[in-house]
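First residue of the sequence shown: 94, per this note's numbering; consecutive thereafter.
All C-beta atoms in this analysis are idealised placements derived from N, C-alpha and C, irrespective of residue type, glycine included.
Fair warning: this is a prediction, and the values are worked out from it, not measured in the lab.
To keep things clear, I will list the structure first and then write my remarks on it.
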Amino acid sequence: MIRVCAVEDVPPGEGRNVSVGDLRLAVFRTDSGWYATEAGCPHMQGPLADGIVADASVICPLHERRFSLQTGAEINGSLCVKTYRAVVHRDDVYILADVPVLAGA
Ligand code: FES
């Protein structure tokens, strides 16, 4: 597990950009739990963390494509954003990453 931010860094119902080593992520705090995706929308790299979060999905602020935060799949489309499993332990948020990331970076 890799720590990505503190719980208090992400207000309820919103997303925030975080960087861990070379990895750029968007972390989301929703009514149904915490989610993490790569930061850039797979369409044209829109900032997903700035999108509207609802029903475990995010709407990209640039062209309003909507992605499931659970699967990364575009809803009503064929694109897919990479997702990471996000978990909370005490006051911090972690991801289970399958890529090399410098811990503590
Ligand atoms: S950049 Fe996200 S929908 Fe176009």
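- In the three-state reduction of the DSSP assignment, residue 172 falls in the coil class.
- Considering only 161, 163 and 127, the residue with the shortest C-alpha distance to residue 184 is 127.
- Residue 96 has its CB no nearer than 8 angstroms to any heavy atom of the ligand FES.
- Residue 103 holds the alpha-carbon nearest to the alpha-carbon of residue 123 among 136, 117 and 103.
- DSSP places residue 129 in the uninterrupted beta strand (DSSP E) bounded by 126–131.
- Apart from sequence neighbours up to five positions away, the residues of its chain that approach residue 142 with a beta-carbon distance below 6 angstroms are 108, 109, 110 and 119, ordered along the chain.
- One Cα belongs to residue 166, the other to residue 105, and the distance between them is close to 22 angstroms.
- In the three-state scheme derived from DSSP, where H, G and I count as helix and E and B as strand, residue 162 is classed as coil.
- Following the DSSP letters along the chain, one finds residue 134 in no beta strand (DSSP E), marked with neither H nor E.
- Rounded to the nearest angstrom, the gap between the Cα atoms of residue 148 and residue 125 is 8 angstroms.
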